[in-house]
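Sequence lines, in order, name chains D and F. What the first sequence shows, in the numbering used here, is residues 1118 to 1367, in sequence order. What the second sequence shows, in the numbering used here, is residues 277 to 543, in sequence order. Here a beta-carbon is modelled for each residue, glycine too, at the ideal position from N, C-alpha and C. Contents: one structure, followed by commentary.
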Amino acid sequence: MAGQGNPVPSGRMTPYTPKPFPTVDGAVQHRAFIWSSIGTKIILAITGIGLALFLPVHLAGNLLLFAGAESFNRYAHKLISIPVLVPIVEIGLLALFIIHSVKALMNFLANRKARPTRYAARQWAGGRSHKTWASTTMIISGLSLGAFVPIHLIQMKYGPYFETKVDGETVRDVYKVVVETFANPLNVAFYLFCMAVVGMHLYHGFASAFSSLGVSHPRYSPVILWVGRLFGAVIGLGFFVLPIYAAMVG
Amino acid sequence: MVAQSRPSLKGSHSAANSMKIRLKVWRQKGPDAEGTLVDYTLNDVSPDMSFLEMLDVLNESLIRSGKDPVHFDSDCREGICGSCGMMINGKAHGPLAGTTTCQLHMRTFQSGDEIVVEPWRAQAFPVVRDLVIDRSAFDRIIVAGGFISVNTGAAPDANAVLVPKQNADMAMDAAACIACGACVAQCKNASAALFVGAKVSHLALLPQGNPERSRRAIRMVQQMDAEGFGSCSNEGECEAVCPKGISISNIARMNREFTKASFGGTH
Ligand code: FES
């Protein structure tokens, strides 16, 4: 009855040599905190939360698009005119972005190495697990955002320069930049995709960061999980309407 | 065919509810050998058999026909030793929650089902043969810090060492870990965070574990990293397949213990 299908590989069993035992205090190389698996996750959590906190601020400002060209340009001008704070925040965000990206990439590669052979059959555990499509695609959503942010900066912050007058002062017409960018349907599609991606990244990432930081409570952890998911959905949807609105105005 | 040569087995259940099971089992001669999934069909499986008993029946027929039986680990067969883990249809210990492979019964499956059986897959758990993997990475983690110092001889008066009820309960829950490795097997990163988290928590919660508390957290995590396990993505797949239902809150506690110890503990 047995043995249909592929034949059992033949040949003698290769002898098995386990690793030397024990290895503590001798061969084990102690890694510094920031290179340990837990340290890595804690750094990812802190930088991730830092980056995530910027998003509601950014969104709130951008929603002024709905208030019209003058309000939007006035806000943009006031924002970039704040001395000291703006460059500090910009450099800070850049640092968070770089650290988060590099650490995440290294962490991903180390995790791949930890499972060199993949399973032929794979199932999600279900039950108490909160694995989602968002959590399985963190590296993909992360890489997409890594590509999006520089493109976004080139298109907007370092994009075309138009001038307009607000309250008698000559300021940059950022409103026009936005409207012109989204006159191109390809840009609209690209931004909508990326905003869905940012929502997904936060959907898992926000609550996951708290777990990495060691926050765990029988009552509040589920709350954090759902607050994180809601945060992802709100940010994703919030940014989602902007390109659509700008395209309609244009 | 099994039934013809094993009348005693046939007598143990009626032919009406005997099951046909198609297996795809990972066969690998040795650690460095190439492995492959091999098809087997069992026509007379009793729903009352455990998963391992079903494999025993397969092995007896393989042995009788002069073939190499499927190698797998088992010991207690009552869900407490943790040696029997295998990946069943892509899920550690099979479809039932809170169940080890030895406690999984064939009635969980349908007659005619195809079942894919693979060993735990992790860089830190090399395959020894077929479904047998080397879990000694776990032992080395325990050696690194899973111990406490005690004075032998004069035992302290039981009431002299006070343990809050809550801590005793949480420590006991963490201590339920049988080190089967299902958490590593199920995790997409092959992370041992749940196992190490349970071991660190178990002792950190008790006064007996306090003298080595920070040293333990540092050393066990360092050993875990050195063994080549991945990091924790906080998906909770491990908790969902853990036969003892160990909570991922233990991972959070390990992260706290490790961070505290890294910044100012004595180790
Ligand atoms: S054989 Fe002991 S737990 Fe399964």
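In whole angstroms, what separates the C-alpha of residue i from that of residue j?
i	j	result
residue 425 of chain F	residue 482 of chain F	13 Å
residue 440 of chain F	residue 326 of chain F	40 Å
residue 437 of chain F	residue 303 of chain F	52 Å
residue 1139 of chain D	residue 419 of chain F	At residue 1139 of chain D the pLDDT is 49, less than 50, meaning the model places this residue with poor confidence; the figure from the coordinates comes in the next sentence. C-alpha separation (whole angstroms): 7 Å.
residue 512 of chain F	residue 1245 of chain D	7 Å
residue 537 of chain F	residue 496 of chain F	12 Å
residue 401 of chain F	residue 1213 of chain D	35 Å
residue 465 of chain F	residue 385 of chain F	28 Å
residue 1159 of chain D	residue 450 of chain F	23 Å
residue 347 of chain F	residue 405 of chain F	6 Å
residue 476 of chain F	residue 1208 of chain D	39 Å
residue 1281 of chain D	residue 1362 of chain D	21 Å
residue 1277 of chain D	residue 1236 of chain D	50 Å
residue 501 of chain F	residue 1348 of chain D	33 Å
residue 489 of chain F	residue 467 of chain F	22 Å
residue 539 of chain F	residue 491 of chain F	12 Å
residue 1365 of chain D	residue 1187 of chain D	18 Å
residue 413 of chain F	residue 1268 of chain D	45 Å
residue 1166 of chain D	residue 493 of chain F	25 Å
residue 343 of chain F	residue 317 of chain F	15 Å
residue 1238 of chain D	residue 297 of chain F	17 Å
residue 421 of chain F	residue 333 of chain F	41 Å
Under 6 Å: does the beta carbon of residue i sit that close to some heavy atom of the ligand FES?
i	result
residue 518 of chain F	no
residue 308 of chain F	no
residue 375 of chain F	no
residue 360 of chain F	yes
residue 411 of chain F	no
residue 501 of chain F	no
residue 352 of chain F	yes
residue 357 of chain F	yes
residue 453 of chain F	no
residue 459 of chain F	no
residue 514 of chain F	no
residue 378 of chain F	yes
Taking all protein chains shown into account, decide if residue i is buried (16 or more other Cβ within 10 angstroms of its Cβ) or exposed.
i	result
residue 1203 of chain D	exposed
residue 1247 of chain D	buried
residue 280 of chain F	Legend: pLDDT at residue 280 of chain F = 45, less than 50; position of this residue unreliable, value from coordinates given subsequently. It counts as exposed.
residue 396 of chain F	buried
residue 533 of chain F	buried
residue 378 of chain F	buried
residue 529 of chain F	buried
residue 340 of chain F	exposed
residue 1310 of chain D	exposed
For residue i, report the span of its beta strand (DSSP E) as first-last.
i	result
residue 315 of chain F	311 to 321
residue 441 of chain F	Not the beta strand (DSSP E): residue 441 of chain F falls in the alpha helix (DSSP H), residues 441 to 451.
Just to confirm the assignment, what range does the alpha helix (DSSP H) spanning residue i have?
i	result
residue 297 of chain F	That residue, residue 297 of chain F, is in no alpha helix (DSSP H); its beta strand (DSSP E) goes 295 to 304.
residue 1282 of chain D	No alpha helix (DSSP H) holds residue 1282 of chain D; the beta strand (DSSP E) holding it covers 1280 to 1283.
residue 489 of chain F	489 to 502
residue 515 of chain F	513 to 517
residue 529 of chain F	525 to 538
Which one or two residues does DSSP pair with residue i in a beta bridge?
i	result
residue 381 of chain F	F:326
residue 409 of chain F	F:403
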